[in-house]
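Note sheet for the following structure.
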Amino acid sequence: MDTLRYAQLFVSEGRELVSRMNEALLSLEHASDSAPHVDALFRATHTMKGMAGAMAYEPIADAAHALESVLALVRDGTVAATPELINALFAGADWLEASIERVAVDGNAAACSPTVLLDQLAASGGGVVSRGVVSPGGGGALRPTPIWTSAIAAAAPQVAAADGRTSYRIRVRQVADAPLRGVRATMALARARALGALSDVEPNEGSLVSEAFGTAFSFALTTGASPAEIERELRLAGEVDTVEIRAADVGGAQLRPTPVSTRLTPDESAAPRAADSSVRVELQRLDALMAVTGELVIARGRFAELAARHADPALEEAAAQLTRLVATLQDEVLATRMVPAGQVFDRFPRFVRDTARAVGKEVRFALVGRDIELDRALLDAVGEPLVHLLRNALDHGLESVDDRIAAGKPAWGTITLAVSRERDSVVIRVTDDGRGVDRAKVVRRAREAGLLAPGIADVADDELLRLLGTAGLSTAERVTTLSGRGVGVDAVVAVVRRLSGTVDLRTVAGEGTSWSLRLPVTLAIVGALLARVGDEVYALPATHVRATTDLVDAALATVRGRDVIVYGDEVLPVVRLRAIVGLPRYTGTHEDIVVLAAEERRVALLVDELLSQEEIVVKPFDAARDGGQLFSGATVLADGAPALILDVGGLL
Amino acid sequence: MKQTVLICDDAIFMRTMVGDILTQNGFEIVGEAETGVQAIEQYHRLRPDLVTMDIVMPDMGGIDAVREITKTDPDARILMCSAMGQQSLVVEAIQAGAKDFVVKPFQPSRVLEAVQRVMS
Chain V
64 MDTLRYAQLF VSEGRELVSR MNEALLSLEH ASDSAPHVDA LFRATHTMKG
114 MAGAMAYEPI ADAAHALESV LALVRDGTVA ATPELINALF AGADWLEASI
164 ERVAVDGNAA ACSPTVLLDQ LAASGGGVVS RGVVSPGGGG ALRPTPIWTS
214 AIAAAAPQVA AADGRTSYRI RVRQVADAPL RGVRATMALA RARALGALSD
264 VEPNEGSLVS EAFGTAFSFA LTTGASPAEI ERELRLAGEV DTVEIRAADV
314 GGAQLRPTPV STRLTPDESA APRAADSSVR VELQRLDALM AVTGELVIAR
364 GRFAELAARH ADPALEEAAA QLTRLVATLQ DEVLATRMVP AGQVFDRFPR
414 FVRDTARAVG KEVRFALVGR DIELDRALLD AVGEPLVHLL RNALDHGLES
464 VDDRIAAGKP AWGTITLAVS RERDSVVIRV TDDGRGVDRA KVVRRAREAG
514 LLAPGIADVA DDELLRLLGT AGLSTAERVT TLSGRGVGVD AVVAVVRRLS
564 GTVDLRTVAG EGTSWSLRLP VTLAIVGALL ARVGDEVYAL PATHVRATTD
614 LVDAALATVR GRDVIVYGDE VLPVVRLRAI VGLPRYTGTH EDIVVLAAEE
664 RRVALLVDEL LSQEEIVVKP FDAARDGGQL FSGATVLADG APALILDVGG
714 LL
Chain Y
10 MKQTVLICDD AIFMRTMVGD ILTQNGFEIV GEAETGVQAI EQYHRLRPDL
60 VTMDIVMPDM GGIDAVREIT KTDPDARILM CSAMGQQSLV VEAIQAGAKD
110 FVVKPFQPSR VLEAVQRVMS
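Protein chains in written order, with this note's numbering: chain V, 64 to 715; chain Y, 10 to 129.
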């Protein structure tokens, strides 16, 4: 058995299950009808137990079994879902999560010990849940042999019998050329009947006896026997090729033994299953695929350029075909990297709940747009900034319950994390209805720190963001372990810029604060305008380009000593790319203008010449070390020359 | 000590064939029966570890013999020997208490697999 591969599957599925458990626990805490949430919890826990058992991760299987036992008592009404018990269940989910991460590192569960958890669970049940109930190895504990493997499959959600027996859906495939297979099938059913309650034989028993079936038949069995015992018993009926045993009550886990012999006979009676049409792929593989595709995009560009130099129709046709194919490949690869925001953001409700408890705030948290798809790498990268913003909102943004009531607001604060697609970018907003950023205090601190001229009494939101984004400036009254001294905003801004995105802040005293992170949909390949100054080529991310024009079309003027351009009915400040990159001022007669925008801010960027719009492959780039505030990344152009990507957010 | 077998079949050819397969795999043939009545009598006298039982035999068929034997010894390890097309009879034999079956013409590997299941 490829243990490492199964361990990886265990980890990725385990994380999903813990996330599902947390979701159910959060709902359980507020719901009036607890039954569906308890069921969801039970299923997730049961699946976890099965998976851990299959991997012989005994401590995890034991802990999951203990949780399951407690949940069974909650489900049948023996034990109430008190806040203490829910906390203990949360602790259980945390323990499982920590253990899964241990497995991710160690490749085994040897370092996991559920003793404390088991005691806590026993204590939280108010005496009804005894240490005995939650102790490992109790009735119905699944103890499959290590040959069992686990995979996701769609299964009809049925509820396990309460007496420790489990409902399975079992599928037996016979050796293809076995004589009198109908008799063998009835023998198998007879053996199954001896183990428990048999039902739902498919095809029906009459068809089985008369051999009116393919090589496989299936049935439901509710039994106290373990999957290994069931399989052993069924094999005694003779001429059995494979036995598939799926726990019917876990809504997803499929336990399947490694076939003793692999036969390539088509399975006549197998219905197509939705779960079979998807596979799990390691993120690293997608990254590698993306990197190769990126190289291919560059090579294609080089090839197209070379082909254009030769007036050869056949070569041009080949180049055009290659271009189309590479574009298709790029789309497909990008699509595989897209995942729903919920995959990463679903952990935030739990985080907000715990944080709110720690700081003694009442909060309702809403997650909007969790189905919107984003590049997985980008999702992972924004996780930390969002944690910062949520912490700030909870710790500094939201008022205490007393203060809120005094201010005529609802006692509970509201925090919303909303994801939305806007054109070719994604906007993630964190909004709270708290007290808003204390402008006067930020201004005072900024003046003290010499960041602001003494005469300035108030600042606009943009300036406020700039000041908050300066490391070390904080308005927090006290240092908390949660969000520290306003740390974070500078870190948030830095991360978002690195991702070629922009940050926007809107805050109103007494009403609340809203942070918007605008990001490209994908990190790997972005549209960019290539601009030349002198001999150098720079890339301007297309997300920020609003318009292009040339200088003769737009009137250059001077307002209070600064160059501006009157473009349409707008007056835009002028920024010269030559000045940014340290080249002497342009002496030619014709310059091109790119109107760049980030949120509400716009500038007119003057360049010598606009070259073309290209898809560029963004290369990892340490902006802090290599490019200061000016560049967010680098790319390789079609001719193989490197080019820097201008950080428009920083420029504005 | 070798495991013992009682072979019940009215055809010498079949008894020889089954006997060869089993002796080559460590069994000792302690008796051979040509009828159901002989099978019952020899089973009680010899107490073999394994019985192979043809379904169709003169004077008393194999199924009735199985019924008689398992009436007094439910744990008797009886392996039915059937021809193709006898599935309803095989089902009846299994319900009567036979533990497994093989189908003629015999494939040694299938016979041995069945024997192993019966003996386990």
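Think of the CB as a built atom: it goes at the ideal place given N, C-alpha and C, for glycine as much as any other residue. Note that the structure is a prediction, hence the values are computed from the model and not measured.
- Taking R664(V) as the centre and dropping the five residues before and after it, the same chain places the C-beta of D525 and L715 closer than 8 Å to its C-beta, in chain order.
- The continuous alpha helix (DSSP H) containing V137(V) extends over residues E121 to R138.
- In the three-state DSSP reduction, S273(V) falls in the coil class, being neither helix nor strand.
- By the 16-neighbour rule on beta-carbons within 10 angstroms, Q96(Y) is buried.
- Between the region 138-147 of chain V and the region 118-130 of chain V, the count of Cβ pairs shorter than 8 Å is below three; the stretches do not touch.
- In the three-state DSSP reduction, Q33(Y) falls in the coil class, being neither helix nor strand.
- Put simply, the backbone Cα of R492(V) is about 57 Å away from that of V303(V).
- For the region 242-256 of chain V, the beta-carbon criterion of a distance under 7 Å to any beta-carbon of chain Y is satisfied by P242, L243, G245, V246, T249 and M250.
- Only those residues of the region 286-311 of chain V whose C-beta falls short of 9 Å from the nearest C-beta of chain Y are listed: R298, L299, A300, G301 and E302.
- The CB of V272(V) comes closer than 9 Å to the CB of Q96, S97 and V100 in chain Y, given here in chain order.
- The DSSP assignment places complete beta strand (DSSP E) segments of no fewer than 3 residues inside the region 96-124 of chain Y at 109-112, in order along the chain.
- Residue burial annotation: N34(Y) is exposed, with fewer than 16 other C-beta atoms found within 10 angstroms of its C-beta.
- With 16 or more other CB atoms across the displayed protein chains lying within 10 angstroms of its CB, H607(V) is buried.
- Residues of chain V with a Cβ closer than 7 Å to the Cβ of D109(Y) are, in chain order, G301.
- The closest CA to that of T32(Y), considering only V127(Y), S91(Y) and P117(Y), is found on P117(Y).
- A contact is defined here as three or more CB-CB pairs under 8 Å, and the region 80-88 of chain Y meets this definition with respect to the region 45-60 of chain Y.
- By the Cβ criterion, the region 267-275 of chain V is not in contact with the region 230-241 of chain V, since fewer than three pairs of Cβ atoms, one from each stretch, lie closer than 8 Å.
- Assignment of T650(V) by DSSP, reduced to helix, strand and coil, places it in the coil class.
- Contact between the region 436-444 of chain V and the region 468-480 of chain V is absent: fewer than 3 CB-CB pairs across the two stretches fall below 8 Å.
- For S118(Y), there are no C-beta contacts with chain V under 7 Å, since the nearest C-beta of that chain is about 11 Å from it.
- Residues of chain V whose Cβ lies closer than 9 Å to the Cβ of E122(Y) are, in chain order, G301 and E302.
- Proximity of I16(Y) to chain V, defined by a Cβ-Cβ separation below 9 Å, is not satisfied.
- Counting only residues of its own chain and dropping the five nearest sequence neighbours on each side, L352(V) has a CB closer than 8 Å to the CB of V396 and T399.
- Secondary structure of I49(Y) (DSSP, three-state): helix.
- Contact check for V111(Y) and V246(V): beta-carbon distance about 11 Å, past the 8 Å limit, so the pair fails to qualify.
- Within 10 angstroms of the beta-carbon of R420(V) lie fewer than 16 other beta-carbons, which makes it exposed.
- DSSP places M62(Y) in the strand class (E or B) of the three-state scheme.
- When the five nearest sequence neighbours on each side are left out, the beta carbons in the same chain lying within less than 6 Å of the beta carbon of S97(V) are those of L91 and A144, in order along the chain.
- With a beta-carbon spacing of about 5 Å, D495(V) and G575(V) fall inside the 8 Å limit used to define contacts.
- Here V133(V) is not near M111(V), since their CB atoms are 9 Å or more apart.
- A distance of 9 Å or more separates the beta carbons of Q12(Y) and E50(Y).
- Under the Cβ criterion of 9 Å, R126(Y) is counted among the residues facing chain V.
- By the Cβ criterion, the region 558-569 of chain V is not in contact with the region 423-430 of chain V, since fewer than three pairs of Cβ atoms, one from each stretch, lie closer than 8 Å.
- In the DSSP annotation of this structure, the continuous segment of the alpha helix (DSSP H) that includes R529(V) starts and ends at D524 to L531.
- R76(Y) and Y52(Y) have their alpha carbons spaced roughly 13 Å apart.
- Between the region 620-636 of chain V and the region 584-595 of chain V there are fewer than three C-beta pairs closer than 8 Å, too few to call the two in contact.
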